[in-house]
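S.K.: Below is one structure. I have some questions about it.
Protein chains: 2
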Amino acid sequence: MPGTRSLRSDARRNYDLIVAAAVAEVARSGAEASLEKIARDAGVGSATLHRHFPSRQALLEAVFHDRVEGLCAQARELTGAADPGRALADWLRAVAVHGATARGLAASLLASGRDPSPPSSSSCEFMLHDAGSMLLRRARDAGAARPEVSMDDLLTMVNAVSLATEDGPYAARLVTLAIEGIHPGPA
Amino acid sequence: MPGTRSLRSDARRNYDLIVAAAVAEVARSGAEASLEKIARDAGVGSATLHRHFPSRQALLEAVFHDRVEGLCAQARELTGAADPGRALADWLRAVAVHGATARGLAASLLASGRDPSPPSSSSCEFMLHDAGSMLLRRARDAGAARPEVSMDDLLTMVNAVSLATEDGPYAARLVTLAIEGIHPGPA
DNA sequence: ATCCAAACGGGGTGGCACCCCGTTTCGAGC
DNA sequence: GCTCGAAACGGGGTGCCACCCCGTTTGGAT
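Okay, structure coming up:
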């Protein structure tokens with residue numbers, strides 16, 4: 001939410017009401033929740049919702065913003081970990097589990113990655129990419145990641161798993177599988 | 001389409017018209033295509049479409065049936081291949097690419113795996129599971145796959161990638177990544 | 001206190017999934 | 001080849017939705 005300065009007080013209050021209602025409704029019904037119902041719950045007209053959030057995508061980004069910031073903070077903590085390979089793996093699992101649990105987070109990230117929208121610096125995808133890059137670099141330096149694997153690859157993979165499972169533990173299992181590969185490893 | 005016997009001739013003709021229209025429309029607009037439009041294009045009333053296909057899922061399964069059969073046939077061919085590990089990998093890539101290309105195939109498979117629908121023996125998911133199991137068994141026997149990796153794991157992973165990419169070559173790349181793992185391998 | 005741009009929201013539009021039920025059509029039995 | 005009941009059809013209705021228009025209200029700078 002950059003430039004929040006210029007919002008009039010009533011606009012700002014409605015913005016917050018809408019996000020609060022959206023958080024509750026998305027938790028209950030997933031990312032396909034009715035925007036009309038969210039507006040109704042927030043006590044605003046549907047036009048107001050559409051004015052603040054021109055697309056469903058925009059609203060979802062606001063809804064998941066806190067969660068994504070949490071993941072970014074976690075990435076920052078893990079940057080100092082002793083085992084960079086494990087740190088990266090742990091973080092990717094955490095992202096997948098959050099995406100699978102918070103139904104729609106994955107879809108949200110995914111869409112923001114593909115749509116003709118400039119990935120603004122506050123978008124979920126950009127934030128995660130940024131936070132994860134450090135972990136990947138360290139893992140690569142430690143010889144724990146192939147050099148040709150990019151952060152985009154990893155985020156897409158993790159989003160994919162989130163999208164497909166929407167179930168925490170199983171999402172973690174699949175991410176582990178993708179990290180380790182299916183061959184009987186040296187480990 | 002088991003039990004097609006009992007369909008009256010006009011019903012059968014409409015069934016085929018609907019599937020044909022659906023194939024075209026899904027190719028154009030993806031799996032979220034309007035069912036009303038499909039019915040209109042097929043020249044039938046929307047009620048007729050809903051009578052033949054009680055859910056979007058049911059229609060999509062019919063739409064992708066041929067494609068899935070092709071993949072199953074490919075699996076059967078690959079069963080005799082010299083390198084079982086490579087055969088499995090090739091097939092998984094093929095499934096991912098088809099799923100990503102035929103927009104909605106992945107979503108179709110996915111939903112059929114999670115919904116409260118008994119995976120009928122003709123469902124996409126069942127057919128692919130069946131066909132792939134042979135390849136996985138051979139790969140495992142050849143020491144090219146960890147024993148704890150299941151066909152469900154692999155299909156979910158491949159569907160996930162299809163869902164997330166909808167782009168052939170990149171889907172293949174991600175599947176390869178998942179198969180090999182991200183660590184610098186012995187290969 | 002004034003004023004106007006910013007924000008609001010009721011209500012309209014068009015599209016959709018899904019269903020009801022009166023009408024048409026098939027095809028089995030004669 | 002006719003009859004007739006069952007099977008299938010489809011126009012139109014319902015309710016929900018996203019999204020927008022535009023007359024009305026309100027904040028806050030002056």
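In the order they appear, the protein sequences are chains B and C. With the first letter of the first sequence counted as 1, position 179 gets the number 179 in full-length UniProt numbering; the numbers rise by one all the way through. With the first letter of the second sequence counted as 1, position 68 gets the number 68 in full-length UniProt numbering; the numbers rise by one all the way through. We put the CB at the ideal spot given by N, CA and C, even for glycine.
Thinking just about the alpha-carbon of each residue, which of B:Thr101, B:Asp141 and B:Pro54 is nearest to the one in Ala172 (chain B)?
M.R.: Walking along the first sequence from the start, residue 172 (chain B) turns up at place 172. Out of B:Thr101, B:Asp141 and B:Pro54, B:Thr101 has the C-alpha closest to the C-alpha of Ala172 (chain B).
S.K.: Please identify, using Cβ separations under 7 Å, the residues of the region 134-164 of chain B that lie next to chain C, in order along the chain.
M.R.: Listed by position along the chain: Gly143, Ala144, Ala145, Arg146, Val149, Asp153, Thr156, Met157, Asn159, Ala160, Val161, Leu163 and Ala164.
S.K.: Comparing C-alpha positions only, which one of C:Val97, C:Cys124 and C:Glu61 sits nearest to Ser162 (chain C)?
M.R.: Here residue 162 (chain C) refers to the residue found at position 162 when the second sequence is read from its first residue. The shortest Cα separation from Ser162 (chain C) among C:Val97, C:Cys124 and C:Glu61 belongs to C:Val97.
S.K.: Closest Cβ-Cβ distance between Ala42 (chain C) and chain B: below 7 Å?
M.R.: Reading the second sequence from its first residue, position 42 is the one you call residue 42 (chain C). Ala42 (chain C) does not count as touching chain B.
S.K.: Does the region 76-94 of chain B come close enough to the region 28-36 of chain B that 3 or more CB-CB pairs lie under 8 Å?
M.R.: Flag = no, the region 28-36 of chain B and the region 76-94 of chain B do not touch.
S.K.: Quick one: what's got a C-beta closer than 7 Å to Val175 (chain B)'s C-beta in the same chain, skipping five residues either side?
M.R.: Counting from one through the first sequence, the residue named residue 175 (chain B) turns up at place 175. So the list reads Leu92, Arg93, Ala96, Val158 and Val161, once near-sequence residues are dropped.
S.K.: DSSP three-state label for Ser55 (chain B), please.
M.R.: Working through the first sequence from its first residue, we reach residue 55 (chain B) at position 55. Coil, per DSSP.
S.K.: Please classify Arg76 (chain C) as buried or exposed, where buried requires at least 16 other C-beta atoms within 10 Å of its C-beta.
M.R.: Translated into positions along the second sequence, residue 76 (chain C) becomes position 76. So Arg76 (chain C) counts as exposed.
S.K.: Whole angstroms is fine: what's the gap from Thr79 (chain B)'s alpha carbon to Ile182 (chain B)'s?
M.R.: The count along the first sequence starts at 1 and reaches residue 79 (chain B) at position 79. The count along the first sequence starts at 1 and reaches residue 182 (chain B) at position 182. Computed Cα separation, rounded: 27 Å.
S.K.: Comparing alpha-carbon positions, which option in B:Arg67, B:Ser150 and B:Gln57 lies nearest His129 (chain B)?
M.R.: Along the first sequence, read from residue 1 onward, the residue named residue 129 (chain B) stands at position 129. The residue with the shortest Cα to Cα distance from His129 (chain B) is B:Ser150.
S.K.: Based on Cα-Cα distance, which residue from C:Ala142, C:Arg146, C:Gly99 and C:Gly168 lies nearest to Thr156 (chain C)?
M.R.: Mapped onto the second sequence, residue 156 (chain C) falls at position 156. It is C:Gly99 whose Cα lies nearest to the Cα of Thr156 (chain C).
S.K.: Rounding to the nearest angstrom, what Cα-Cα distance links Pro169 (chain C) and Gly30 (chain C) in this structure?
M.R.: The residue labelled residue 169 (chain C) in the question sits at position 169 within the second sequence. The residue labelled residue 30 (chain C) in the question sits at position 30 within the second sequence. About 19 Å.
S.K.: Looking at the unbroken alpha helix (DSSP H) that takes in Val97 (chain C), where does it start and where does it end?
M.R.: Residue mapping note: residue 97 (chain C) aligns to position 97 of the second sequence, counting from 1. Residues Pro84 to Thr101.
S.K.: Give the secondary structure of Thr176 (chain B) by DSSP, where H, G and I count as helix, E and B as strand, and everything else as coil.
M.R.: The residue given as residue 176 (chain B) occupies position 176 in the first sequence. In this structure, Thr176 (chain B) counts as helix in the three-state DSSP scheme.
S.K.: For the alpha helix (DSSP H) containing Ala131 (chain C), name the first residue and the last one.
M.R.: Taking the first residue of the second sequence as position 1, residue 131 (chain C) is located at position 131. First-last of the alpha helix (DSSP H) with Ala131 (chain C): Cys124 to Asp141.
S.K.: Could you tell me the alpha carbon to alpha carbon distance between Tyr15 (chain B) and His52 (chain B), rounded to whole angstroms?
M.R.: Your numbering for residue 15 (chain B) matches position 15 in the first sequence. Your numbering for residue 52 (chain B) matches position 52 in the first sequence. Going by the C-alpha atoms only, they are around 7 Å apart.
S.K.: Could you spell out where the alpha helix (DSSP H) holding Val44 (chain B) opens and where it closes?
M.R.: Stepping through the first sequence from its first residue, residue 44 (chain B) is reached at position 44. No alpha helix (DSSP H) contains Val44 (chain B), which DSSP labels as neither H nor E.
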